[in-house]
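Some notes on the structure that comes next.
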C-alpha cells in the first residue's frame with residue numbers, strides 16, 4: 105500500500121511580491137528551495153495564514169539569497185504582499201517506508217532567510 109506524506113514544508117514565510125500577469129506558479133528563493141528539498145516545477149500546496157486560502161501551484165526558482173516569495177498568475181489574487189504562508193509538498197511512498205521518512209521542514213526568519 106502507498107500513502108501520501110509530507111515531503112517538504114516551508115513554515116511561515118512572507119509573501120514579497122505578486123505578479124498577476126505572469127503565467128502562474130510560486131517563485132521561491134533558491135536557498136529556501138534547497139533547505140526544504142524542493143525542485144523547480146515541483147507541485148506544491150500553498151496555505152495563506154492571513155486569509156485561509158489553500159491552493160496548488162508549482163515552483164519556479166528565484167534568485168538565491170533574495171528572499172523572494174512571489175505568487176504569480178491567478179494565485180496572485182489569493183495573497184497580499186506581507187501575508188504569511190506555508191508551502192508544502194507531498195510524496196507517495198510505501199506505508200512501511202513512510203514510517204521512517206523524515207520530511208524537510210524549515211522555519212525561515214522574518215526576512216525569508218533560512219535558519220540553520
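Residue numbers (my numbering): 105 to 220. Backbone N, C-alpha and C define an ideal beta-carbon position, used for all residues, glycine too.
Integer Cβ distance of residue i from residue j, believed to fall under 8 Å
i: residue 142; j: residue 180; result: Not really, about 20 Å apart at Cβ, beyond 8 Å.
i: residue 129; j: residue 176; result: 5 Å
i: residue 185; j: residue 115; result: Not confirmed; about 19 Å, so no contact.
Straight-line gap, residue i to residue j (C-alpha atoms, nearest Å)
i: residue 109; j: residue 144; result: 20 Å
i: residue 217; j: residue 169; result: 7 Å
i: residue 131; j: residue 166; result: 5 Å
Other residues of its chain near residue i: CB distance less than 7 Å, five sequence neighbours each side excluded
i: residue 159; result: 150, 179 and 182
i: residue 161; result: 128, 129, 130, 148, 150 and 179
Residue i (DSSP reduced to helix, strand or coil)
i: residue 264; result: Given a span of 105 to 220 for the chain in the structure shown, any question on residue 264 remains unanswerable.
i: residue 121; result: strand
i: residue 198; result: strand
Cβ neighbours of residue i in the same chain (closer than 8 Å, five flanking residues each side left out)
i: residue 199; result: 105, 106 and 107
Local Cβ density within 10 Å of residue i, reported as buried at 16 or more and exposed below that
i: residue 196; result: exposed
i: residue 212; result: buried
i: residue 117; result: buried
Residue-level contact to chain B via CB, residue i, 8 Å cutoff
i: residue 147; result: You won't find chain B in this structure, because it holds only one protein chain.
Close-in-space but distant-in-sequence residues of the same chain around residue i (CB under 6 Å, 5 per side omitted)
i: residue 187; result: 119, 152 and 154
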